[in-house]
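Protein chains in written order, with numbering that gives the first Met the number 0: chain A, 0 to 614; chain B, 0 to 614; chain C, 0 to 338; chain D, 0 to 338.
From the three backbone atoms N, C-alpha and C, an ideal C-beta is built for every residue, glycine too.
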Amino acid sequence: MSKKADAIEREEVVIRFSGDSGDGMQLTGTLFSDTSAFIGNDLSTFPDYPSEIRAPQGTVGGVSGFQVHVGQTAIKTPGDYADILIAMNPAALKATAKWVKEGGTIIIDEDSINERGLQKAGYKTDDPIKEDKLDGYNIIQAPISSLTKEALKDMGLDSKSILRSKNMFALGMVYWIFDRPMKYTESFLENKFKKKPLVIEANKTVLRAGYNYAETMEHMTPSFKISPAKIKKGTYRNINGNIATAWGLIAAAEKAGLELFCGSYPITPATEILQELSARKDLGIKTFQAEDEIAGICTSIGASFAGDLAVTSTSGPGLALKGEAMGLAVMTELPLVIVNVQRGGPSTGLPTKPEQSDLMQALYGRSGESPVVVMAASTPSDCFQYAFEAAKIALEHMTPVILLTDGFIANGSEPWRIPKMSEYPDIKPPIAKAGTKDWQPYARDVEKLARTWAVPGTKGLEHRIGGLEKDELTGSVSHDPINHQKMVNIREEKVQRVSKFIPKLKVEGDEKGDLLVIGWGGTYGYLATAVKQIQDKGKKVSLAHFNYIKPLPVNVKEVFEKFEKIVVCENNLGQFANYLRMTNPEYKYLQYNKVQGLPFTIIELEEHFEKLLEE
Amino acid sequence: MSKKADAIEREEVVIRFSGDSGDGMQLTGTLFSDTSAFIGNDLSTFPDYPSEIRAPQGTVGGVSGFQVHVGQTAIKTPGDYADILIAMNPAALKATAKWVKEGGTIIIDEDSINERGLQKAGYKTDDPIKEDKLDGYNIIQAPISSLTKEALKDMGLDSKSILRSKNMFALGMVYWIFDRPMKYTESFLENKFKKKPLVIEANKTVLRAGYNYAETMEHMTPSFKISPAKIKKGTYRNINGNIATAWGLIAAAEKAGLELFCGSYPITPATEILQELSARKDLGIKTFQAEDEIAGICTSIGASFAGDLAVTSTSGPGLALKGEAMGLAVMTELPLVIVNVQRGGPSTGLPTKPEQSDLMQALYGRSGESPVVVMAASTPSDCFQYAFEAAKIALEHMTPVILLTDGFIANGSEPWRIPKMSEYPDIKPPIAKAGTKDWQPYARDVEKLARTWAVPGTKGLEHRIGGLEKDELTGSVSHDPINHQKMVNIREEKVQRVSKFIPKLKVEGDEKGDLLVIGWGGTYGYLATAVKQIQDKGKKVSLAHFNYIKPLPVNVKEVFEKFEKIVVCENNLGQFANYLRMTNPEYKYLQYNKVQGLPFTIIELEEHFEKLLEE
Amino acid sequence: MIETQNILTPKDFKSDQEVRWCPGCGDHAILNAIQRALPELGIAKEDFAIISGIGCSSRFPYYMSTYGFHSIHGRASAIASGVKVANPELSVWQITGDGDAMAIGGNHFIHAIRRNIDLNIILFNNEIYGLTKGQYSPTSKFGSVTKTSPYGTVEHPFHPGELVIGAQGKFFARSIDNNLKLCQEIFVEAGKHHGATVVEVLQNCVIYNDKTHAAISDREFKDDRQIVLRHSEPMIFGKNKDKGLILDAEHLKLKVVELGDKYSEKDLLVHNAKEVNPGMHLMLANMQYPEHPVAFGIIRSIDAPTYDGSVAKQVEEVKSKSAIKSVDDLLNSGTTWKV
Amino acid sequence: MIETQNILTPKDFKSDQEVRWCPGCGDHAILNAIQRALPELGIAKEDFAIISGIGCSSRFPYYMSTYGFHSIHGRASAIASGVKVANPELSVWQITGDGDAMAIGGNHFIHAIRRNIDLNIILFNNEIYGLTKGQYSPTSKFGSVTKTSPYGTVEHPFHPGELVIGAQGKFFARSIDNNLKLCQEIFVEAGKHHGATVVEVLQNCVIYNDKTHAAISDREFKDDRQIVLRHSEPMIFGKNKDKGLILDAEHLKLKVVELGDKYSEKDLLVHNAKEVNPGMHLMLANMQYPEHPVAFGIIRSIDAPTYDGSVAKQVEEVKSKSAIKSVDDLLNSGTTWKV
Ligand SMILES: Cc1ncc(C[n+]2csc(CCOP(=O)(O)OP(=O)(O)O)c2C)c(N)n1
Ligand SMILES: Cc1ncc(C[n+]2csc(CCOP(=O)(O)OP(=O)(O)O)c2C)c(N)n1
Ligand code: SF4
Ligand code: SF4
Ligand SMILES: [Mg+2]
Ligand SMILES: [Mg+2]
């Protein structure tokens with residue numbers, strides 16, 4: 000394969016694969032990402048499924064997309080707009096063209112542009128390019144379907160199987176454009192279809208056909224060169240947020256020397272956490288697919304009482320159902336991790352779209368004064384870190400911890416430098432030992448205010464706990480007014496004390512400036528990129544991104560007071576801004592909010608920040 | 000009965016009846032209250048049950064109390080400390096003596112002071128007066144049990160029945176002390192025991208015996224005179240908050256011309272609302288005792304969809320369970336009233352004790368951006384008004400409304416001037432009529448932003464609703480990003496618009512001053528009394544008490560800006576203060592919080608306010 | 000329910016929404032059957048309310064042109080109960096999946112049945128969670144390998160019929176997506192029955208649980224592996240109508256016999272759907288292939304007072320006896336005094 | 000569960016908390032019976048975990064000196080399930096009321112039973128909500144007048160035995176608060192059984208539902224109105240042991256007969272608690288006075304793999320086969336690359 004001399008050297012490129020649900024776009028995107036990762040690019044991906052039920056073929060509702068952003072510098076988001084769109088049919092074009100950069104490249108399967116296809120996609124004319132005003136774009140109409148058929152005509156496959164491999168043709172074209180080797184994909188195919196040599200052969204043939212086709216029509220296709228990113232040495236893998244969350248919890252169990260129990264009920268987009276844990280019986284994980292979310296958390300509370308690292312995973316509406324039981328965990332001061340993968344609300348809302356609107360629910364969605372630790376992960380891979388931390392805090396401070404992620408980072412993936420478990424701290428839950436003299440269920444250690452954990456089976460420490468208010472020492476039921484006040488205060492203080500055990504808030508950029516951008520959770524990539532880009536223009540803007548919400552890091556005031564303006568950016572109506580108003584009322588918080596079931600775009604953020612700087 | 004010349008004229012007196020759960024203290028207290036009301040006193044009562052399960056007789060845990068505050072001026076609380084305590088046994092003395100004013104009168108059944116009784120009550124010596132340091136009090140040891148036996152010895156009753164009427168002896172004594180007629184009580188007894196003439200006779204006999212005994216030992220008993228209160232003319236009745244809530248809802252249904260449906264699950268202290276509604280089949284009320292709280296709200300959502308005024312009632316932990324379904328009501332924009340009678344939390348907490356700690360849960364205990372109207376009643380009788388208002392807002396604005404009360408006003412009672420229903424406004428839900436042209440499920444009226452309500456059975460308006468995000472006009476499922484943003488905004492704005500339809504915030508006292516005391520909900524009586532008392536001392540303190548929380552009244556800033564200091568007083572850790580920080584961040588809010596399962600005392604409030612004024 | 004003048008047709012029950020189930024999904028056929036059944040009930044279109052939970056099957060209301068409510072997961076029984084009690088004039092249908100009805104919604108399901116609320120509950124049993132892409136459900140067979148049970152489940156499934164009977168069920172029927180006529184016939188009967196009816200429809204999920212019912216639904220075998228029960232008819236089945244069921248009284252078990260020399264039609268059990276004692280219905284509902292043919296048709300249909308009817312009756316009775324006729328009366332009832 | 004050296008006595012199971020049920024409440028006797036039964040199991044005290052929901056009966060754990068958890072209303076089955084799966088070595092007991100188990104907790108109850116988790120569920124059935132002071136429950140008799148049904152209920156109660164069987168129950172027994180010996184005997188058997196056991200104990204609430212079981216529990220009549228079933232013994236009862244049960248095969252019903260000329264003991268049904276087919280057990284559990292005597296004793300007791308046991312087994316199997324032995328292995332599994 001000829002080395003291309005005229006390739007455009009690019010820092011980063013965004014590619015979007017888009018087609019029918021059955022067109023294999025997720026696989027295509029993943030294969031491209033893996034290959035890019037292997038040759039050393041940094042990257043970030045975002046799969047964008049259609050609504051939950053398969054729509055009829057060829058319609059806009061049925062379009063499935065996969066966007067990947069590759070680069071030679073650190074890549075933090077899947078990118079706003081695509082440089083290249085691969086559209087397998089008119090519906091894909093219709094749905095996705097607006098997300099292509101002006102003047103970008105659009106490769107479309109010419110064979111799919113027929114009356115039926117256009118009509119199904121909702122085009123009114125027979126010229127989709129004109130109809131969508133794409134004249135200024137680099138449109139490449141490639142006869143993908145027919146060339147795929149042509150390539151396979153002698154192989155004795157039925158026509159359904161033949162057409163199923165047309166995604167490989169598209170992928171081959173893209174490999175040529177980016178000058179990527181095909182060997183990784185080939186060995187993947189060999190592995191996956193071990194028992195079907197014909198399928199391997201067919202896919203490889205079509206892949207090469209696509210590559211060759213792109214090369215042949217070189218004059219039309221752009222050609223990019225993206226050198227390897229300068230990233231830290233090590234062994235890497237791709238990981239998405241849900242898997243990282245599951246693994247972080249497993250890692251915590253190992254470090255605590257406990258068994259991991261997860262009681263959960265499937266719900267989009269959190270289900271994969273339960274699925275991954277279910278598959279991990281080899282590490283002794285016990286999963287309990289409960290009859291509902293309430294049983295999910297309650298079985299976990301039971302497991303926690305019995306001495307396991309107990310976890311429950313869910314998404315918004317499921318978190319609502321867990322509120323009452325969370326109160327029980329608060330009262331009984333048992334360790335428990337509740338993972339909430341946020342999605343668009345209220346109610347069933349937009350179940351497959353990301354949003355950050357469960358923050359208030361996480362903080363306050365329970366009866367009474369019911370404090371728990373609330374934290375949030377900010378990228379697919381750091382879900383591992385924060386899941387680990389959540390478990391560590393739960394176990395060492397004897398408290399429920401809510402970890403918030405969202406559909407965006409849960410499904411999105413990025414390369415991750417695989418850590419060694421020896422780099423992680425041990426977790427030391429305050430387990431009460433048999434034979435402890437004068438042991439009291441609600442006696443606490445002075446530093447953390449954590450009570451000790453006496454697990455059934457421990458001789459001599461038999462005791463009773465429950466949801467009624469407890470005596471501050473014995474844990475017996477107490478209706479005493481002063482005791483109640485004390486316990487309400489202690490429970491709050493115990494959570495606040497966690498602030499002494501978490502990292503300080505970091506500022507990205509100068510510690511002083513005109514504008515402090517504040518974010519939390521899954522918007523990190525967008526905020527960091529946007530802030531970096533205007534910093535590069537010489538503006539005095541910094542970013543403070545929160546992963547610990549309750550309690551807040553100890554140095555919040557120190558950070559805030561050094562900026563002229565503060566703007567809190569969220570995918571909700573301003574929940575974190577309001578929380579900051581409660582906890583740090585002395586500052587004025589501007590807000591930038593977007594609630595569209597979509598992440599921010601870097602462009603809109605930059606524009607907004609610049610406007611704020613001018614005002 | 001001799002007119003007493005030497006009676007002490009008093010503005011107000013607090014009496015507390017205290018005895019074993021089986022001693023009939025609730026009845027005794029009620030009879031005394033009724034009689035006082037009949038002769039024109041104003042009053043406020045508070046029954047104080049023991050924990051939920053009957054404790055063994057004679058123990059502190061089993062003590063049942065009933066406090067009543069009577070006066071010739073407006074009485075707003077059951078009073079902090081009692082002038083007179085009637086203690087039927089040592090346990091009652093032990094449990095309640097600390098609530099008697101210094102130097103107050105304590106009447107105790109002398110016969111109950113024996114070794115067994117003292118021991119059960121937890122006294123360590125045989126002199127409870129000395130042990131509890133009550134020497135400075137006016138202690139009246141009356142042989143209540145033996146005199147009761149004596150009075151009934153010829154009536155042929157068994158000794159259990161005889162002893163059961165000893166509460167009438169105590170009541171008789173109290174009647175003498177306050178120079179109250181016995182006829183109301185007598186006719187009550189005649190009514191209640193219609194079929195048991197012997198019981199009537201026995202009770203009346205003992206009542207008179209008590210009266211006569213007190214008269215005989217006049218030199219020891221104090222004697223008070225409390226003239227009728229100067230209250231508005233009208234027909235009065237006693238009412239507690241739960242009954243008033245139930246009736247307010249019934250009244251709203253009548254005014255709206257709708258049937259009332261209540262799906263609910265029993266839970267302390269809200270159960271009585273369901274019970275009262277169940278008894279009102281004569282007014283066509285349909286109650287549905289559901290299998291749990293979720294079914295409670297869901298049957299109500301169904302009934303609302305079907306065109307009823309739908310209501311669900313619960314308390315803290317039950318409200319947590321209803322969160323997910325509330326989100327559905329928000330999304331489907333159906334009218335629904337959710338009554339939450341707050342109790343001590345978190346978890347099972349202190350189920351029989353009042354608290355105000357469900358405010359944040361009411362505001363935010365759901366997934367996504369899920370706004371509902373939140374309001375709170377402030378006295379037993381105004382529960383009627385606010386329940387009516389809650390239903391009116393729900394129906395006219397097509398929104399769920401949460402009405403917060405608490406165990407204190409729910410169980411407490413006061414005289415209430417019975418209104419005429421003709422004084423109340425009609426309620427006009429936006430019901431869509433058959434034959435409406437171009438009707439759209441989510442089209443809204445411009446003022447309130449309420450959609451119309453097309454009820455199954457209406458010809459031609461068949462449509463589908465649900466929990467997925469809706470198109471802003473047709474109500475069909477929509478995944479469109481811009482539509483989602485619009486709908487999120489509209490739902491919030493619709494709730495905010497309610498502020499145009501509610502009364503402005505009132506200030507009790509001058510509109511300008513040194514200290515503005517802020518409260519909300521069931522603490523009103525205490526705050527108003529405390530503020531009034533320091534106003535009387537010439538201090539520039541005013542009260543702004545909130546019944547409408549979301550949205551807030553329109554004139555909040557106007558009120559707040561005229562005071563030097565603002566203090567928010569709540570029976571929680573500061574939830575409303577935090578809410579004000581979010582919504583009106585420009586003011587500094589001091590806090591005064593008490594979380595003891597007990598109401599404030601007027602004394603502690605006054606002290607605190609005076610301290611704030613001095614600082 | 001007022002009978003309509005105009006006769007409605009299946010087309011009248013189709014909404015303008017594009018049907019979004021996977022091609023080949025059994026749900027299409029069931030939708031079809033309901034659209035054919037409803038016109039037969041002679042009820043005006045506006046008097047139908049169709050309530051569902053969440054799941055693939057629960058998208059159903061969008062495809063019907065009646066009043067509809069696509070609610071939240073598991074709560075359809077409760078919402079439908081509220082609709083029916085609020086307005087007993089409506090014909091209320093609940094559409095639910097095996098997860099929706101028996102996992103998260105299990106409690107509401109059994110309580111709606113126990114109360115005998117006049118709902119028509121159509122239970123789409125594909126033995127899988129379709130919408131969330133393939134986790135096992137409370138009806139998945141023991142050992143099922145699914146996304147959350149990669150090593151096979153270790154739990155015994157509910158048998159919906161058994162659970163319905165355990166919950167005091169008065170009406171239980173079973174059908175299958177590939178038998179449109181039987182579905183339609185049963186839906187009509189369910190619609191006419193007063194009280195809670197549960198119709199389990201075995202449904203194929205082509206994507207996540209394809210062929211789970213194949214052993215009994217394949218054209219080739221189905222006549223030998225299914226028995227369609229009809230009230231007061233003998234329990235006969237088989238491609239050649241040559242098999243039947245008898246009771247082995249000693250072991251209290253149903254036995255399959257071949258008709259011929261030893262047994263004739265008159266030896267067979269005769270189906271009595273109206274027997275109050277649930278013993279036989281339980282056995283019939285529980286029959287499983289290969290030991291027995293699987294029972295279809297209306298297995299149990301008992302008349303009993305409905306909850307909604309009784310509530311309405313009680314309200315009327317109390318109303319007629321009480322002196323309190325208005326809120327003013329209420330406020331002035333009991334002890335009052337004048338100032 | 001490790002057998003202890005020291006033999007425990009009922010006193011060892013008493014906690015220091017004052018028992019706070021009403022004098023005369025049936026709960027006292029049941030507490031007593033459990034305290035007598037547990038020592039017979041030969042399990043160390045620290046290996047018992049007693050989990051309850053909320054209700055009068057659910058105060059139970061406070062009065063026991065074992066590990067205990069007084070949780071939230073209705074969720075005891077779920078919490079107990081978590082305890083048992085987390086540590087299958089524990090002997091886990093769930094204490095629950097009719098409201099706790101079958102109203103709000105109905106779903107967890109039937110699912111714990113379906114999964115056959117090795118729990119001992121003791122169901123205190125007083126047919127009322129005691130703790131909240133007297134509202135009807137899902138087991139209150141039709142027409143019950145209670146605080147929330149001043150004109151009588153209009154709903155049919157669950158029969159716990161029937162619901163348990165409908166939920167795939169493998170063990171169901173019934174006892175009554177005034178038969179301490181029978182309670183104790185059944186509790187011991189339940190404790191020994193592997194899998195979910197449900198023991199319904201008819202319990203009197205002296206305050207809010209006094210004498211609800213009186214028709215069958217009064218000393219005077221009880222022998223004629225109760226039948227105590229024992230595995231492989233004939234179904235005989237009556238003060239003079241002169242009555243028994245036979246099967247009317249034609250109507251598939253149980254019939255009471257007098258022993259004497261026409262019937263002798265050998266004509267009677269012999270109780271087989273181990274019959275997998277639930278038909279007979281359903282009939283026995285459903286017997287009601289006056290038509291039949293009410294059945295007591297262990298009505299059904301089937302051996303089957305437990306959920307907790309199967310989970311543990313599956314974990315061991317997968318562990319032994321997998322190459323992934325640690326988190327480091329896991330992180331490095333699948334596709335990785337070096338930079
Ligand atoms: C409270 C809540 N929990 C979980 C979910 C996720 N969820 C949606 S449908 C479903 C199960 C669907 O299975 P089933 O009811 O059998 O319907 P099917 O899709 O198979 O027709 C689940 C778990 C949800 N939407 N809401
Ligand atoms: C979430 C919730 N809902 C309701 C209640 C109120 N509640 C407590 S116990 C109970 C019912 C008790 O009945 P049962 O389970 O039969 O127990 P019993 O008191 O009769 O022993 C109810 C409704 C509660 N504590 N929590
Ligand atoms: S996933 Fe299964 S149940 Fe859902 S629509 Fe597709 S085939 Fe039907
Ligand atoms: S109220 Fe009833 S169930 Fe509760 S303790 Fe008293 S007698 Fe027992
Ligand atoms: Mg299903
Ligand atoms: Mg009960």
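{"Item": "Test: B/His478 CB closer than 8 Å to a CB of chain A", "Value": "yes"}
{"Item": "Cutoff 6 Å; reference A/Arg490; Cβ partners in own chain excluding five residues on either side", "Value": "Pro370"}
{"Item": "Buried versus exposed call for D/Gln202 [16 or more other C-beta atoms within 10 Å across all chains shown]", "Value": "buried"}
{"Item": "Closer than 7 Å: C/Asp97 CB and nearest ligand 5 heavy atom", "Value": "yes"}
{"Item": "Residues in the region 278-300 of chain B having any Cβ partner in chain D nearer than 8 Å", "Value": "Ala278, Lys280, Thr286, Gln288, Glu290, Asp291, Glu292"}
{"Item": "Complete beta strand (DSSP E) runs within the region 2-68 of chain B (minimum length 3 residues, chain order)", "Value": "11-19, 41-47"}
{"Item": "Reference B/Pro221; option with closest CA among B/Ile401, B/Gly39, B/Asp357, B/Arg9", "Value": "B/Arg9"}
{"Item": "Contact belief for B/Ser43 with B/Gly524 at Cβ below 8 Å, rounded distance in angstroms", "Value": "7 Å"}
{"Item": "Counted within 10 angstroms of its Cβ, other Cβ atoms place C/Pro22 as buried (16 or more) or exposed", "Value": "exposed"}
{"Item": "A/Ala390 and A/Pro399 closer than 8 Å at C-beta", "Value": "no"}
{"Item": "Proximal residues of chain B, C-beta to C-beta of D/Thr138 below 8 Å", "Value": "None at all; the shortest Cβ gap to chain B is about 12 Å."}
{"Item": "Cβ-Cβ separation, B/Val558 to B/Ala576 (assumed contact under 8 Å), whole Å", "Value": "The Cβ separation is near 16 Å, so there is no contact."}
{"Item": "Partners in chain B for D/Gly73, counting only beta-carbon separations shorter than 7 Å", "Value": "Asp291"}
{"Item": "7 Å Cβ cut-off: residues of chain B touching A/His544", "Value": "Correct list: empty, because the minimum Cβ distance to chain B is about 22 Å."}
{"Item": "Bounding residues of the alpha helix (DSSP H) (the contiguous stretch that carries C/Glu184)", "Value": "179-191"}
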